[in-house]
Amino acid sequence: MLTRKHSIHGRFMMAFSAFTTIMLFAALGISIAWFFHYERQEMREALLVDASIVAAQSSAAVMFNDVQAMTENLGVLHHVKAVRWAILVADGERLVHYGQVPEDLDSLHRKLRENNGVIEHLSRIVLRQDIIYDGIIRGELLLGADLTELNVQFGAVVLFGVLLVAVFMFIALPVFHHIVGTISGPLGELARLSQLISTHGDQGIRVRISYQDEVGRLGAAFNSMLDSLAQRDQSLRKSRDQLRALNARQQAIREEERTRIAHEIHDDLGQRLTALKLEIARHLGERNGTMDPEALKIGRMVDDTVKAVREISWDLRPSVLDTLGLTAAIEWLGEDFQRRMATRCRVTVPAQELRVDPEVATHLFRICQELLTNVARHARASRVEIRLEAAQRLTLEVSDNGIGIQASSHGEKSLGLLGIRERTHRLGGIVTIDSTPDFQGTRVRVTTPYILPAETNPPAGAGDSP
Ligand SMILES: Nc1ncnc2c1ncn2[C@@H]1O[C@H](COP(=O)(O)OP(=O)(O)OP(=O)(O)O)[C@@H](O)[C@H]1O
Ligand SMILES: [Mg+2]
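Written out as structure tokens, the structure reads:
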């Protein structure tokens, strides 16, 4: 059965086989019909003509019972190929005969009268012809012909026809197979390549164009589509790389700005405020040996302002990162989180301070900061853990026992995790986020190459780190 699952090639071959088989049977049917209708009819009519001639010639001989003349007349039938026997009868009496007269002649005779003088079987014909003399029926001529030879001839013709069709199919099938192959082959190749491209994303693949027909044009269109896709992909990648570079540059500038502002606020504003406090104490301070309450109040306000200024400067860029390094900065982040959020936060860092490239340190610090902000904003956790490990690579992991990242929570405006990925990508590292129902809470791990500060020897215990 022809189904939609069959290939184009299979369908064509089936259609061709069905078509030739139908043609073969149609040809056979037409030949058989033609044979029975024309060939045998012609034979019957020829026999009838011969019988009527012999009957006419024998009429006088029958009338006068001239046995010799009757025998001579019947002998004429000897030249008619299919005739096997003939007999002249008159008043139920057998006069003369030629050939092997059948034993059941009497019953044949009866049947002939009932069937208008002709009995026809597959391989024989029996005829009856009246012998009329002077307008009166004087006797009858019975004649039997054998059609086997004709049938054999017809069989040979049919056999030849079947053989001819078989030879035709034998030659035509491979030719047809080849022709169909020129259509289905390139189409199959096209389908195979499309699948290869969609599964492996290999856009360097191109279709080989062997024909200039519709399938060839389809292949060429496919190739040019791949070309323009590759071009678009390349320009997309280029603009993404440019965007990344721009973003990286902006972040670096922002970080520099923050550091500068933090230092200025801390050093300049902080110093000025301290000087201000001293001035207030000097001018308004002790009068008559006691502190002026107003001066005390202003002094406390200045103290608060100094504290606030320090906090602002610290938030902008914790000086601990620049002075004590990444390990201390991460520890400080954990402590600060625990203090502010009243949530237990365990920090595990290497015992010794790490010597890390300042850019890497800044990125890891900002990543940790964002991850802790996320825990505070979304996790509803009662326990947080920060781990910093330094081996061949640097690994920072922040895990919590909160509600986990919900599948529906990724909004277009959520940029924190995206920023983390971007920073990690820039460092040549990878981010893994575990937040499945099996894992209670969320665990984000960032692994980056261990980059040392410029002009520094590799750290002890870091193996052959980069
Ligand atoms: N530790 C966490 N526990 C539970 N959900 C989290 C956690 N971290 C992130 N999420 C979920 O993942 C989403 C994406 O976080 P992401 O930091 O990218 O964006 P955001 O925090 O919503 O916004 P922002 O751009 O200000 O960071 C959050 O909206 C939150 O639903
Ligand atoms: Mg966030």
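Residue numbering for the sequence shown follows my numbering, beginning at 5 and increasing consecutively.
Virtual Cβ for every residue (Gly too), placed ideally from N, Cα, C.
None of these values were measured; they are calculated from a predicted model.
Residue i to residue j span [Cα, whole Å]
| i | j | result |
| --- | --- | --- |
| H181 | A19 | 12 Å |
| A225 | L400 | 50 Å |
| A464 | I201 | Annotation note: pLDDT 46 at A464 (below 50); position unreliable, no value reported. |
| V122 | M67 | 24 Å |
| D54 | D110 | 22 Å |
| A86 | A50 | 11 Å |
| F40 | A30 | 16 Å |
| D326 | D319 | 13 Å |
| H125 | H10 | 49 Å |
| S56 | V156 | 27 Å |
| A466 | Q356 | Low local confidence applies: a pLDDT of 44 at A466 is under 50, so the model's placement there is unreliable, with the coordinate-based value given in what follows. Computed Cα separation, rounded: 12 Å. |
| L368 | S412 | 27 Å |
| P453 | A394 | 10 Å |
| P462 | G406 | Caution is warranted here: a pLDDT of 49 is assigned to P462, below 50, making its placement in the model unreliable, and the coordinate value is therefore given only provisionally. One C-alpha to the other measures close to 38 Å. |
| D468 | L273 | In this predicted model, D468 has a pLDDT of only 39, less than 50, meaning its place in the structure is not dependable; the value taken from the coordinates is given anyway. Rounded to whole angstroms, D468 to L273 spans 45 Å at the Cα level. |
| Q410 | Q235 | 37 Å |
| R44 | L81 | 19 Å |
| S62 | V161 | 38 Å |
| G329 | A365 | 8 Å |
| V166 | M47 | 25 Å |
| I478 | A60 | Residue 478 lies beyond the stretch modelled for the chain, which goes from 5 to 470, so this question has no answer here. |
| R15 | S21 | 10 Å |
| I265 | R304 | 25 Å |
| A385 | K311 | 30 Å |
Cβ neighbours of residue i in the same chain (closer than 6 Å, five flanking residues each side left out)
| i | result |
| --- | --- |
| T428 | V435 and V450 |
| R210 | N227 |
| I437 | V448 |
Whole-Å CB distance - residue i paired with residue j, under 8 Å assumed
| i | j | result |
| --- | --- | --- |
| I390 | G338 | 5 Å |
| D404 | T440 | Actually they do not touch by this definition, with Cβ atoms about 14 Å apart. |
| T347 | V388 | 6 Å |
| R128 | D95 | The Cβ separation is near 27 Å, so there is no contact. |
| I91 | H101 | 4 Å |
Buried or exposed by the 16-neighbour rule on C-beta atoms within 10 Å, applied to residue i
| i | result |
| --- | --- |
| D138 | exposed |
| E378 | The question names Glu, yet the displayed sequence has Asn at residue 378. It is buried - the Cβ of N378 has at least 16 other Cβ atoms within 10 Å. |
| I334 | buried |
| M74 | buried |
| W89 | buried |
| N77 | buried |
| V171 | exposed |
| G208 | exposed |
| L358 | buried |
| R117 | exposed |
| G33 | exposed |
| Y215 | exposed |
Neighbourhood of residue i by C-beta, 8 Å cutoff - its chain only, sequence neighbours within 5 removed
| i | result |
| --- | --- |
| D361 | I455, L456, P457 and A458 |
Close-in-space but distant-in-sequence residues of the same chain around residue i (CB under 7 Å, 5 per side omitted)
| i | result |
| --- | --- |
| W336 | P322 and V324 |
| E193 | V211 |
| H13 | V184, G185 and S188 |
| G223 | P190, L194, V211 and I213 |
| V93 | L99, G143, E144 and L146 |
For residue i: DSSP bridge partner residues
| i | result |
| --- | --- |
| T352 | R391 |
| G143 | I135 |
| A279 | The partner list for A279 (beta bridge, DSSP) is empty, contrary to what the question assumes. |
| D438 | R447 |
| T399 | E393 and T451 |
| V100 | L92 |
| V122 | L131 |
| D404 | V388 and T446 |
| A149 | V87 and I129 |
Query raised in the report: Going along the chain, which residues put their C-beta within less than 5 Å of some heavy atom in ligand 3?
Result: Ligands in the displayed structure: ligand 1 and ligand 2; ligand 3 is not one of them.
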